[in-house]
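*Asks:* The structure's right below; bear with me while I get my questions together.
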Amino acid sequence: ISNFTTNVGCVNSIVSFTDLSIPPSGNTITSYSWNFGDIPSGAANTSTLANPSHTYTNTGTYTVSLRVTTNAGCEQTTIKTLTVFPKPIVNFVSGNSCQNDSTAFSSLCTSVAGYSITSLNWNFGDPGSANTSNLINPKHLFSNQANYTIKLVATNNVGCKDSLINIIAVKAQVKADFTYSTPCTNTATVFQDNSIVPAPNSSNTRTWNFGSLGTSNGLTPTKTYTSSGVYYVTLSVTGINGCSSSITKLI
Numbered sequence: 017i018s019n020f021t022t023n024v025g026c027v028n029s030i031v032s033f034t035d036l037s038i039p040p041s042g043n044t045i046t047s048y049s050w051n052f053g054d055i056p057s058g059a060a061n062t063s064t065l066a067n068p069s070h071t072y073t074n075t076g077t078y079t080v081s082l083r084v085t086t087n088a089g090c091e092q093t094t095i096k097t098l099t100v101f102p103k104p105i106v107n108f109v110s111g112n113s114c115q116n117d118s119t120a121f122s123s124l125c126t127s128v129a130g131y132s133i134t135s136l137n138w139n140f141g142d143p144g145s146a147n148t149s150n151l152i153n154p155k156h157l158f159s160n161q162a163n164y165t166i167k168l169v170a171t172n173n174v175g176c177k178d179s180l181i182n183i184i185a186v187k188a189q190v191k192a193d194f195t196y197s198t199p200c201t202n203t204a205t206v207f208q209d210n211s212i213v214p215a216p217n218s219s220n221t222r223t224w225n226f227g228s229l230g231t232s233n234g235l236t237p238t239k240t241y242t243s244s245g246v247y248y249v250t251l252s253v254t255g256i257n258g259c260s261s262s263i264t265k266l267i
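FYI, the numbering for the sequence shown is 17 to 267, going by my numbering.
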């Protein structure tokens with residue numbers, strides 16, 4: 017009895033065919049003759065393997081046949097219809113990537129009408145971390161300055177999937193920090209920028225916000241407080257690599 021099965025047919029993906037034929041008692045199957053119903057594929061349209069595979073380059077319905085022959089010369093043919101479905105179109109973008117700061121990713125995947133995307137699987141190429149996500153717009157924190165291989169796999173409602181791999185460069189960390197001298201009324205308080213930034217430090221930009229006492233862009237600004245109390249000071253730093261950070265302290 018000739019018979020076979022196959023996995024789901026997806027365009028431009030390998031479709032595997034599995035022989036399920038059972039020969040009569042005392043006989044063996046000596047030959048297989050497959051026809052995948054894909055005439056434009058030329059010589060690839062047929063096979064004599066027991067369990068062949070074929071790649072369809074167009075969606076549609078195909079007539080697949082398997083003829084088996086036994087050692088007694090008996091033949092039987094089974095014909096089945098295979099539907100080849102479309103795959104999702106995978107694309108994504110990422111935001112500015114900076115060490116020890118969250119990088120935002122956004123799926124731009126699209127699908128053919130009637131074949132909606134049912135799952136997304138991200139791999140951020142960062143073992144030892146929260147390396148995967150199933151969100152549409154995930155975020156990931158990279159702890160090292162390096163190149164990372166990002167992979168997104170999209171699967172639609174019939175089980176067809178496709179993927180995209182992009183490499184992103186995570187830039188050196190920028191981390192704002194500062195110290196200040198003992199603050200006393202009517203005495204200049206000296207602020208010192210101690211931020212982690214790419215060299216040279218002078219090429220990075222910084223903005224101090226002293227509230228009612230104004231702003232500054234210097235490395236070591238000074239401010240004089242004429243009244244005692246609690247004051248907010250914010251330092252925002254942008255590195256020459258485009259990474260940024262800010263910190264607020266109470267004095």
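Beta carbons are placed, not taken as given, at the ideal position from N, Cα and C, and that holds for glycine.
Whole angstroms is fine: what's the gap from F121's alpha carbon to G111's?
*Replies:* Position 105 of the sequence shown, counting from 1, holds the residue named residue 121. Position 95 of the sequence shown, counting from 1, holds the residue named residue 111. Straight-line Cα distance between these residues: approximately 6 Å.
*Asks:* Does N23 pass the burial test, meaning 16 or more other C-beta atoms within 10 Å, or should it be called exposed?
*Replies:* Stepping through the sequence shown from its first residue, residue 23 is reached at position 7. Exposed: under 16 other Cβ atoms inside 10 Å.
*Asks:* Going by alpha carbons, who is nearest to T93 out of Y247, P39, T73, C176?
*Replies:* On the sequence shown, residue 93 is found 77 positions in, with the first residue counted as 1. Among Y247, P39, T73, C176, the Cα nearest to that of T93 belongs to P39.
*Asks:* Would you call V300 buried or exposed, if buried means 16 or more other Cβ atoms sit within 10 Å of its Cβ?
*Replies:* Because the chain here runs from 17 to 267, residue 300 falls outside it and cannot be looked at.
*Asks:* Under 8 Å by Cβ, that's how I've got N163 and I183 pegged, so tell me the actual separation to the nearest angstrom.
*Replies:* Translated into the one-based positions of the sequence shown, residue 163 becomes position 147. Translated into the one-based positions of the sequence shown, residue 183 becomes position 167. That pair is a contact at about 6 Å.
*Asks:* Return the bridge partner residues of D35 from the DSSP annotation.
*Replies:* On the sequence shown, residue 35 is found 19 positions in, with the first residue counted as 1. In the DSSP output, where bridge partners are listed per residue, D35 has F20.
*Asks:* According to DSSP, which residues form a beta bridge with F108?
*Replies:* Here residue 108 refers to the residue found at position 92 when the sequence shown is read from its first residue. Looking at the DSSP assignment, F108 forms a beta bridge with S123.
*Asks:* What is the DSSP secondary structure of N182, counted as helix, strand or coil?
*Replies:* Taking the first residue of the sequence shown as position 1, residue 182 is located at position 166. In this structure, N182 counts as strand in the three-state DSSP scheme.
*Asks:* Going by other Cβ atoms of all chains shown within 10 Å of its Cβ, with 16 needed for buried, is G89 buried or exposed?
*Replies:* For the purposes of this step, residue 89 is taken as the residue at position 73 of the sequence shown. Looking at its Cβ environment, which holds fewer than 16 other Cβ atoms inside 10 Å, G89 is exposed.
*Asks:* Which stretch, first to last residue, makes up the beta strand (DSSP E) that contains S49?
*Replies:* For the purposes of this step, residue 49 is taken as the residue at position 33 of the sequence shown. Here the beta strand (DSSP E) through S49 covers 45-51.
*Asks:* As an exercise, report each continuous beta strand (DSSP E) stretch of at least 3 residues that is fully enclosed by the stretch 177-256, in chain order.
*Replies:* 177-185, 194-196, 204-209, 221-225, 238-240, 248-254
*Asks:* Provide the residue(s) that pair with Y131 in DSSP beta bridges, ordered along the chain.
*Replies:* Against the sequence shown, residue 131 aligns to sequence position 115. Answer by DSSP bridge pairing: none, since Y131 is not bridged.
*Asks:* Using 8 Å as the threshold, is the stretch 101-117 in touch with the stretch 156-170, meaning 3 or more CB pairs across them?
*Replies:* yes
*Asks:* In whole angstroms, give me the CA-to-CA distance for K187 and G53.
*Replies:* Walking along the sequence shown from the start, residue 187 turns up at place 171. Walking along the sequence shown from the start, residue 53 turns up at place 37. Roughly 52 Å between the two C-alpha positions.
*Asks:* In chain order, what residues of the same chain lie with their CB nearer than 6 Å to the CB of K96, ignoring the 5 residues before and after it?
*Replies:* Numbered from 1 along the sequence shown, position 80 holds the residue referred to as residue 96. Counting only Cβ-Cβ distances below 6 Å, and skipping sequence neighbours, we find V80.
*Asks:* May I ask you to verify whether the stretch 249-266 touches the stretch 222-239, counting CB pairs closer than 8 Å and requiring at least 3?
*Replies:* Touching, per the Cβ criterion.
*Asks:* My output table needs one value for G42: the three-state DSSP class, helix, strand or coil.
*Replies:* Residue 42 sits at position 26 when you count from the first residue of the sequence shown. Note: G42 maps to coil in three-state DSSP.
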